[in-house]
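Notes for the one structure printed next.
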Amino acid sequence: MPSSIPSTTSPHRKQHRHLQRQLAWVMAASRTRTMARIIGLGVGIAGAGVLAAYYIFDDDQHTKRQFTRVAAAESLKVRPTRPLPTREQQLKSLGSEAFDVLVIGGGATGSGCALDSVSRGLKTAMVEMDDFASGTSSRSTKLIHGGVRYLQKAIMGLDLEQYRMVKEALHERANLLDIAPHLSYPLPIMLPVYKWWQLPYYWVGIKMYDLVAGSKCIKSSYAISKERALELFPMLKKDRLVGAIVYYDGQHNDARMNLSIALTATRLGATIANHTRVLSLLREQDENGQERLCGARVRDEISGQEITVRAKCIINATGPFTDTIRKMDNHSTKEICAPSMGVHITLPDYYSPEQMGLLDPNTSDGRVIFFLPWEGRTIAGTTDTPCIVSHNPSPTEDDIQFILREVKNYLNPDVEVRRGDVLSAWAGIRPLVQDPNKTDTQSIARNHIVHVSEHGLVTIAGGKWTTYRSMALETMDAAIKACGLAPVHQESQTDGLQLEGAHNWTPTMFIRLVQDFGLESEVAKHLSHTYGDRAFSVAKLASLTGKRWPIVGRRLHSEFPYTDAEVRYACREYAATAVDVIARRLRLAFLNAQAAEEALPTIVNIMAEELKWSDREKKSQLDAAMQYLQQEMGQNVNRASREKIPVNLNKSEISEYVKRFNSLDTERKGYISLNDLRASLKARGQDVPGEMLHEILKEIDLNLNGQVELEEYLQMMAAIKAGSISHSRFAQLAEMAEEDQRRKITVDRSGGGL
Numbered sequence: 020m021p022s023s024i025p026s027t028t029s030p031h032r033k034q035h036r037h038l039q040r041q042l043a044w045v046m047a048a049s050r051t052r053t054m055a056r057i058i059g060l061g062v063g064i065a066g067a068g069v070l071a072a073y074y075i076f077d078d079d080q081h082t083k084r085q086f087t088r089v090a091a092a093e094s095l096k097v098r099p100t101r102p103l104p105t106r107e108q109q110l111k112s113l114g115s116e117a118f119d120v121l122v123i124g125g126g127a128t129g130s131g132c133a134l135d136s137v138s139r140g141l142k143t144a145m146v147e148m149d150d151f152a153s154g155t156s157s158r159s160t161k162l163i164h165g166g167v168r169y170l171q172k173a174i175m176g177l178d179l180e181q182y183r184m185v186k187e188a189l190h191e192r193a194n195l196l197d198i199a200p201h202l203s204y205p206l207p208i209m210l211p212v213y214k215w216w217q218l219p220y221y222w223v224g225i226k227m228y229d230l231v232a233g234s235k236c237i238k239s240s241y242a243i244s245k246e247r248a249l250e251l252f253p254m255l256k257k258d259r260l261v262g263a264i265v266y267y268d269g270q271h272n273d274a275r276m277n278l279s280i281a282l283t284a285t286r287l288g289a290t291i292a293n294h295t296r297v298l299s300l301l302r303e304q305d306e307n308g309q310e311r312l313c314g315a316r317v318r319d320e321i322s323g324q325e326i327t328v329r330a331k332c333i334i335n336a337t338g339p340f341t342d343t344i345r346k347m348d349n350h351s352t353k354e355i356c357a358p359s360m361g362v363h364i365t366l367p368d369y370y371s372p373e374q375m376g377l378l379d380p381n382t383s384d385g386r387v388i389f390f391l392p393w394e395g396r397t398i399a400g401t402t403d404t405p406c407i408v409s410h411n412p413s414p415t416e417d418d419i420q421f422i423l424r425e426v427k428n429y430l431n432p433d434v435e436v437r438r439g440d441v442l443s444a445w446a447g448i449r450p451l452v453q454d455p456n457k458t459d460t461q462s463i464a465r466n467h468i469v470h471v472s473e474h475g476l477v478t479i480a481g482g483k484w485t486t487y488r489s490m491a492l493e494t495m496d497a498a499i500k501a502c503g504l505a506p507v508h509q510e511s512q513t514d515g516l517q518l519e520g521a522h523n524w525t526p527t528m529f530i531r532l533v534q535d536f537g538l539e540s541e542v543a544k545h546l547s548h549t550y551g552d553r554a555f556s557v558a559k560l561a562s563l564t565g566k567r568w569p570i571v572g573r574r575l576h577s578e579f580p581y582t583d584a585e586v587r588y589a590c591r592e593y594a595a596t597a598v599d600v601i602a603r604r605l606r607l608a609f610l611n612a613q614a615a616e617e618a619l620p621t622i623v624n625i626m627a628e629e630l631k632w633s634d635r636e637k638k639s640q641l642d643a644a645m646q647y648l649q650q651e652m653g654q655n656v657n658r659a660s661r662e663k664i665p666v667n668l669n670k671s672e673i674s675e676y677v678k679r680f681n682s683l684d685t686e687r688k689g690y691i692s693l694n695d696l697r698a699s700l701k702a703r704g705q706d707v708p709g710e711m712l713h714e715i716l717k718e719i720d721l722n723l724n725g726q727v728e729l730e731e732y733l734q735m736m737a738a739i740k741a742g743s744i745s746h747s748r749f750a751q752l753a754e755m756a757e758e759d760q761r762r763k764i765t766v767d768r769s770g771g772g773l
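Quick note, the sequence shown lines up with residues 20 to 773 if you use the numbering used here.
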């Protein structure tokens, strides 16, 4: 019979009833509107006290369980020495070996299940239809958090389930900071306060967040004055600001963290394969004559080869595609996933301080917006909109505009929030669990369920990034019981199990990279914080620069510390497409879509050397990566936004811009070509490579005909005026050419002498 195993145990009934009676008494104390806020604060404190008592009791049980797990996991703390098998070896293993567990899905949860399984001593395989972290797991808010807003709901709504979810997430937050210190770090987040009564209200709530974390608290939260808030976050709007609360959560490189989990699993012996799609599930009759799942038919999407994988247990960890796999098992199964789309945008670094985030707890429509520094840029998001499941979710202009409006509400009027400053925009689908009693996704708690079907398919659905490990633990416990598996270790071994790159990493390790290899400090820091103690293996692949300094490490793009060595190393870490590299190995697409496009030819050439691509395959990879940037990283919506700007230039502006246009179009053809740009730059003594000239032309060539007409130029200047474009190299060239022509005329008319 099918069974559903909830993510938490049922609440203590007596305690729950007592809690309800207590709070009902408090709520009855007053019904006047003027006292509503005080009562709300009192309820929060009363609920907090009772929940804290529960926390102290339950945490003791958790400590006892933790002690037994730590003792069993000592043997797994040594840095794995097994080399990474090639992708071809992984695929061969899939078809030639029999497994205890086959995990479908290579996101955070699927990779976590694979790691939990193999570390218990089970023979494990994992397949992913695209790349590891290609879905939701690479499109998060980049936070490792317990969920401040969920704690508020837990206290005010007396919801012990949400309370346990927050408590569990705070434990997992501390664990992630411990097992991957090179990839994760504490981040202070400011909650600005613009009404005096909110200051104690928010302070109590954030202090409860610290209390629930207990010994796992990263750093204590604190309240600050208006002056101190503006000192820490100078871009903040100062009007009516009364102070702020600062609390701490964790931040990480989500795609790299996901890959590190998967790589750790294969270092321990798991067989993992990306770009491997499940076509069907296989069944056979057991000794009782009942049909049970016994494997899957999969296809390597790179070569087209089909493989039969044999396994005693199948785990479905496919996030938004949960119901797709469940229907392979049973066509009539009821859907349990309620997909919701969240959009984030990337802005330049000057929008936020380097080490301080911002939380907007009360947006115009009740959603929460984060505004965070990340990888040298600023990310803002997220929205929350019900959607249909898609392999290629795309951001919408409405979502981008919503985020920009909300950001504008919290920034100083001196900071002009421009549409043209959006460097990238991306959408991710949250795999929320459907609650039939609720209709809007904002009210769905991001908890999870583990479900076992009548044929033995074990499904893990819902949850969030931070709790991937505890979700995997529960899933494996259920799988072992349901499928009769015999692990070496019954208890999970992953609490405290260090991930790929963490074992010998230190914060000063980058200095050795600089000294030993002759890398730039910025590049060395990047390698250290991305690859941990494996950074030395990456540095060994770096090419000579031909300069006195740095000696090695050719940058792929001048604005970013990514080098040629990382592309070569990515191919060893199972990157099979150009999108794998620009989106998940380097994160360039998420940070700046235009920069990713500019680096693409170099990246494809390096991958072609490593993977032996033909010229035809190179073109195919370039085209696919361009389509990805346009559809999924916001280039299409950016272009559409620009084209909608009316040409609202006045007469004098048009006259000036026509002069600039004509200074480049010296032959009066009515358009500007690549040769015109080259001639103008040559006249200034500048020799610019042809690839860069193509990039400059493409910025403005809206109809993609290889030339720029006057109408296109005026459209671009209007877009710059409206803020839809932040800057343009083409516009700067035209301005310089017009200035040169003006100087030349002035000198000629003066006779050229004294």
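Ideal Cβ placement from N, Cα and C applies to all residues, glycine included.
For residue i, which of the options has the nearest alpha-carbon?
{"i": "S639", "options": "Y370, V598, E651 and R658", "result": "V598"}
{"i": "G114", "options": "G165, P253, F252 and D319", "result": "D319"}
{"i": "P205", "options": "S136, T128, L391 and G131", "result": "L391"}
{"i": "D305", "options": "C502, I364, V441 and T478", "result": "C502"}
{"i": "Q109", "options": "S682, V328 and P526", "result": "V328"}
{"i": "E718", "options": "M736, R703, A702 and Q705", "result": "M736"}
{"i": "H467", "options": "H201, S383 and A188", "result": "A188"}
{"i": "V146", "options": "E325, K544 and R247", "result": "E325"}
{"i": "D417", "options": "H363, A741, T397 and W524", "result": "H363"}
{"i": "P104", "options": "G288, M184, A117 and D273", "result": "G288"}
{"i": "A741", "options": "E250, G439 and G166", "result": "G439"}
{"i": "G140", "options": "A292, V507 and I333", "result": "V507"}
{"i": "I625", "options": "K663, M645, P665 and T582", "result": "T582"}
{"i": "L377", "options": "I333, T478, V471 and P253", "result": "P253"}
{"i": "E662", "options": "I744, E354 and G165", "result": "I744"}
{"i": "S383", "options": "P405, N428, L504 and T100", "result": "N428"}
How about residue i and residue j: are their beta carbons less than 8 Å apart?
{"i": "V261", "j": "Y221", "result": "no"}
{"i": "N774", "j": "Q650", "result": "With the chain represented from 20 up to 773, any question about residue 774 goes unanswered, as that position is not in the structure."}
{"i": "D197", "j": "G515", "result": "yes"}
{"i": "S279", "j": "A199", "result": "yes"}
{"i": "E539", "j": "G572", "result": "yes"}
{"i": "E758", "j": "T485", "result": "no"}
{"i": "A315", "j": "L630", "result": "no"}
{"i": "N14", "j": "T341", "result": "Residue 14 lies beyond the range of the chain shown here (20 to 773); nothing can be said about it."}
{"i": "V452", "j": "V436", "result": "no"}
{"i": "G308", "j": "A232", "result": "no"}
Within its chain, find whatever has a CB closer than 7 Å to the CB of residue i; leave out the 5 residues flanking it on each side and keep chain order.
{"i": "C236", "result": "D229"}
{"i": "V707", "result": "L700"}
{"i": "T283", "result": "L134, L518 and E519"}
What residues in its chain sit with their C-beta under 6 Å from that of residue i, if we drop five residues either side in the sequence?
{"i": "Q181", "result": "Y169, K172, A173 and A464"}
{"i": "A43", "result": "Note that A43 scores a pLDDT of 39, beneath 50, so its modelled location is shaky; the value from the coordinates is reported in the next line. Closer than 6 Å at Cβ, skipping near neighbours: no residue."}
{"i": "P339", "result": "P358, V408, I448 and P450"}
{"i": "M148", "result": "R296"}
{"i": "W632", "result": "none"}
Could you give the distance in angstroms between the alpha-carbon of residue i and the alpha-carbon of residue j?
{"i": "Q726", "j": "Y732", "result": "11 Å"}
{"i": "Y369", "j": "L575", "result": "23 Å"}
{"i": "S692", "j": "L423", "result": "35 Å"}
{"i": "T685", "j": "K678", "result": "11 Å"}
{"i": "A480", "j": "G131", "result": "13 Å"}
{"i": "R567", "j": "P526", "result": "27 Å"}
{"i": "A756", "j": "E373", "result": "37 Å"}
{"i": "T337", "j": "A144", "result": "15 Å"}
{"i": "R302", "j": "A608", "result": "41 Å"}
{"i": "M645", "j": "R748", "result": "21 Å"}
{"i": "E754", "j": "G400", "result": "36 Å"}
{"i": "G154", "j": "L683", "result": "45 Å"}
{"i": "I243", "j": "N272", "result": "29 Å"}
Taking the runs of the alpha helix (DSSP H) that are 4 residues or longer, which of them lie wholly in the stretch 141-184? 167-175, all fully within the stretch 141-184.
Scan the stretch 415-446 and note each continuous alpha helix (DSSP H) run of 4 residues or more that stays entirely inside, going in chain order. Inside the stretch 415-446, DSSP marks whole alpha helix (DSSP H) runs of 4 or more residues at positions 416-429, from first to last along the chain.
Segments assigned alpha helix (DSSP H), at least 4 residues, entirely inside the stretch 223-258: 245-251, all fully within the stretch 223-258.
Within the stretch 483-543, note down every full alpha helix (DSSP H) run reaching 4 residues or more, in order along the chain. Listed in chain order, they are 487-502 and 528-536.
Give, in chain order, every unbroken run of the alpha helix (DSSP H) that is at least 4 residues long and sits entirely within the stretch 254-334. Listed in chain order, they are 273-286.
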